[in-house]
Structure formats: C-alpha cells, structure tokens
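FYI, the numbering for the sequence shown is -16 to -1, 1 to 292, going by mature numbering (1 follows the signal peptide of the UniProt record, and there is no 0). Cβ atoms here follow ideal geometry from the backbone N, Cα and C, with glycine treated the same way.
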Amino acid sequence: MMLIFLFALALDPASPQDDHEVKLQLNEQRVALQRGSCPMFWFSFNGRCYKYLSSPMSWADAQLHCMSLRANLVSIHSQQEQNFVNSLIRNFDPAVRPTWIGLSDIHKEGSWMWSDASVANFFFWNTGEPNNYRGREHCGHTNLGPALRWNDALCSLQMPFVCALRTHMSLEARLTELEAQLRTMSDRVASQSPVAGTERPSVASASRPPVVPEQPGNQGWVTVRRKHSPKVQSTAHHPPPVHVSNRFSPLSNTPAEKPTLVIGSSIKTLETGPVCGRAILEEMATGIPPSPPGKTKVVKNQKKLHPK
C-alpha cells in the first residue's frame, strides 16, 4: 500500500499550494492594457497592437481572420510579451481558456515557426510538450495547466485566438477604420435624402409646355397631349377685321342684284364685273385707287346687307 501511495504522489504534478502560488505569481505579472495608437479594441505593447477574439475557430480559420484584419496570429518573443498576452486574454476571458497563438510545425515536423514569419527564438512549452500526440498535433496554443503554458494540439480544434500586427500595419488599420466611419456617415446622409423613385415637383419650361400622358386606350396605345398654357389677351391695338362679301342669289344663275363688295363699314357696288372687282382688291392692297376701264360706284355709310 505504501508503494501505491508513493507512486500516486509521484504522478501528482503539483499540489494545491503550488497552484495557488502560480496564480499569485500570474496576478503579479498582469500588465495594464493601453490602446496607444492602435485601432479600437486593439491594445498596444512594445510597438505592436494586439486583439483578442472570443469566437472559436480552427487554427487555419483564425489565421485567415487575422489576415483579413491585416494581422497574423500572435507571435511571442519574450516572457514580458507572454505576460502581456495572458493579461489580454484574462481581461476578456476570466476562465482563461486555451487560446490559439501563431505557432505551428505544419511545414516540417518539429520545426516550429510563427505565422508572421518572424524568428521563433522564445518558447514557453508546458512540461512534456510538444509531444505530437498520435502524430496529429501541429498547432500551438497557450493557457495549458496552472502556469498557462503552451501546448501542441489538433489544428482543427475550435478555440479563441489573439491577433497581432506591426506598428506600420496598425496605422493602415487605423486608416481603414476611419474610412469605414466615413462610409457609415455617408450612408446615413444618403438615407436621409429623398427616396429613389419618388417624383419631384416639375418646373414647366417657358419655351415648351409640359407633356401630360393620357391613360392608355382599349387597344393599349398611349397618347401624349401637350398641356397648353392659358392664353394671355394682348393689350395691343389691332384694326377690326375686314369683312368681304360677294353675294349672289342661290336660286338663279344670274345675280338677283348687282354684286357688291362690303369692306368694313363701306359697300362697294361692282358695276363692271370681275375686272372691276380685281381693281378694288388692288385698291385695298395699295391704298391708291386705280383707273378702272369701267365705272365703279361707291356707296358709303350704308348698312351691311345680309341675305335672309
């Protein structure tokens, strides 16, 4: 029995007292988060910007998501940076669940590389790791065990992750954020403008009247009718119209009376037929009485004769 107890004690990696000491040490190592010049929801440390994303993804999907933010999965190069990353995770996830970092040996077994192509010169593996369990663990994550160290795991596991970007990339990300804010403001202004398709009041042209479409007929034709402006009565003085009458009897081939030409308030009696009538018309056009071959009798100030 004593041998069994000693064997179980040897298998116990740490006592509760040791776990408590580790937690106290981690609390002392917590780093205050500062945004600095980083975009919103990113935090600055040693010239880089870091962001914690709680949505669980596979290692490859997490890397792609970071790249969509112009970043990569975080690479860690010192104990101070490790403490900062742990503080960032603890700030958003008090349970401190396992979280992807940018470490993998997918390209070559045992050759661990960072996804941002930086040199892997610092490691924080848990005891006995990496072990490549069953030859299928090729991606690294942090927060294993009480000391929150690194471990290798299946790349298809779903975990939250941390992205990081360099200083010059953070400036570009900041510009992208500002552009997105400007687009949002432009969309708000556009949404307050009149809705597309609504009719605006039309202003009639001074030279052309507006076109008013009529309802289609039974045959399906569409006609267009121009809406005319109301006529404005002119105030200019115009002479009265000239009334010309050449009356003949409708019941006889011969004139019932002598043909007369009524001009305004004057009646000219045609004595010599159509030649004299043409002369009178010429007189109307020129104002100069011609020398007709026949006699023309002018009767003035008589009432107009109208056939009954």
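Are the Cβ atoms of residue i and residue j separated by less than 8 Å?
| i | j | result |
| --- | --- | --- |
| Leu141 | Asn135 | no |
| Asn56 | Ala137 | no |
| Asp100 | Ser59 | yes |
| Phe108 | Gln66 | yes |
| Asp89 | Trp98 | no |
| Arg32 | Arg150 | yes |
| Val15 | Phe68 | yes |
Pull the bridge partners of residue i from the DSSP assignment, please.
| i | result |
| --- | --- |
| Trp109 | Trp134 |
| Trp98 | Leu87 |
| Leu37 | Phe145 |
| Gln18 | Ser28 |
So, with DSSP's three-state summary, where would you put residue i?
| i | result |
| --- | --- |
| Asn56 | strand |
| Ser71 | helix |
| Arg32 | strand |
| Phe76 | helix |
| Ala104 | coil |
| Glu93 | coil |
| His61 | coil |
| Arg120 | coil |
| His49 | helix |
Could you name the residues of the same chain whose beta carbon sits closer than 7 Å to that of residue i, not counting the 5 residues immediately before and after it, in chain order?
| i | result |
| --- | --- |
| Phe145 | Leu37, Met41, Ala46, Leu57, Thr83, Trp84 |
| Ala44 | Cys139 |
| Val80 | Ile73, Arg74, Asn127, Leu132 |
Excluding the five sequence neighbours on either side, which residues of its own chain have a C-beta within less than 8 Å of the C-beta of residue i, listed in chain order?
| i | result |
| --- | --- |
| Leu17 | Phe27, Ser71, Leu72, Asn75 |
| Arg19 | Trp26, Phe27, Ser28 |
| Asn115 | Glu121, Asp136 |
| Ser62 | Phe106 |
| Glu113 | Leu128, Arg133, Trp134, Asn135, Asp136 |
| Asn110 | Leu128, Gly129, Ala131, Arg133, Trp134, Asn135 |
Might you give, ordered along the chain, the residues of its own chain that have their beta carbon closer than 6 Å to the beta carbon of residue i, omitting 5 neighbours on each side?
| i | result |
| --- | --- |
| Gly124 | Ile85, Leu87, Trp134, Asp136 |
| Leu132 | Asn70 |
| Cys50 | Asn56, Leu57, Cys147 |
| Ala164 | none |
| Gly94 | none |
| Asp77 | none |
| His91 | none |
| Thr126 | Thr83, Ile85, Trp134 |
| Ser175 | none |
query = Where are the beta strand (DSSP E) runs, 3 residues long or more, that stay fully inside the stretch 123 to 174, in chain order?
reply = 123 to 128, 133 to 137, 143 to 149
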